[in-house]
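Single-structure report; data block below.
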Ligand SMILES: [Zn+2]
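Numbering (this note's numbering), first residue to last: 208 to 387.
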């Protein structure tokens, strides 16, 4: 934030005398001095990247959430924690490099796809196929944890039902007393 006006005398040219990054890395505190009136004041600048979810909610970007989502797609694949950490960093750098204060949750998913493909094709395909239907990391994690029955399973069940194997016939009617 250059050209910060002095809040006391409105002088447009103030001088930074101290800069501190907060512990969580999300804000920068700057102590400023006005060369005209000599007074000091503090500004707090946010470095936070926000994510607009499909629900309309906005939340801070969370690298750990990205890693958790990708980790589920990587189950059983030769990918270690170091790979996941590096991927999380790449995704965050990609999103921040766009210079926007806010991105959409779909953008986060898309930013994951390329580095994940470079890492492992199978994990990429898993992630892409599920993520495409949800567009939100939390939904994605839920879907991976509770996978939908795949088409082959549904087809097998349908065929079994037609043959009357292991399924209740849909033509069954109530055998209770009628309410005539
Ligand atoms: Zn001033």
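Cβ atoms here follow ideal geometry from the backbone N, Cα and C, with glycine treated the same way.
Residue 267 in three-state terms, based on DSSP | Locating residue 267 in the chain shown gives position 60, counting from the first residue. Three-state result, residue 267: strand.
Exposure label - residue 280; buried when at least 16 CB within 10 Å | Your numbering for residue 280 matches position 73 in the chain shown. Buried, because 16 or more other Cβ atoms sit within 10 Å of the Cβ of residue 280.
So does residue 281 have its beta carbon nearer than 6 Å to some heavy atom of ligand 1?
-> Taking the chain shown and counting its residues from 1, one reaches residue 281 at position 74. No, Cβ of residue 281 sits at least 6 Å from all heavy atoms of ligand 1.
Among the residues of its own chain, which have a CB less than 6 Å from the CB of residue 238, if the five just before and after it don't count?
-> Position 31 of the chain shown, counting from 1, holds the residue named residue 238. Counting only Cβ-Cβ distances below 6 Å, and skipping sequence neighbours, we find 224, 225, 249.
Within the present structure, is the beta-carbon of residue 218 separated from the nearest heavy atom of ligand 1 by less than 6 Å?
-> Against the chain shown, residue 218 aligns to sequence position 11. Yes.
How many angstroms separate the CA atom of residue 295 from the CA atom of residue 247?
-> The sequence position of residue 295 within the chain shown is 88, counting from 1. The sequence position of residue 247 within the chain shown is 40, counting from 1. Answer to the nearest angstrom: the Cα atoms are 39 Å apart.
Hey, is the segment 284-292 in contact with the segment 306-320, meaning 3+ C-beta pairs nearer than 8 Å?
-> Touching, no.
Local conformation of residue 247 per DSSP, three classes | As a first step, residue 247 is located in the chain shown; it is residue number 40 there, counting from the start. Three-state result, residue 247: strand.
In terms of residues, what are the limits of the beta strand (DSSP E) holding residue 309?
-> Translated into positions along the chain shown, residue 309 becomes position 102. 309-311 is the span of the beta strand (DSSP E), which, as asked, contains residue 309.
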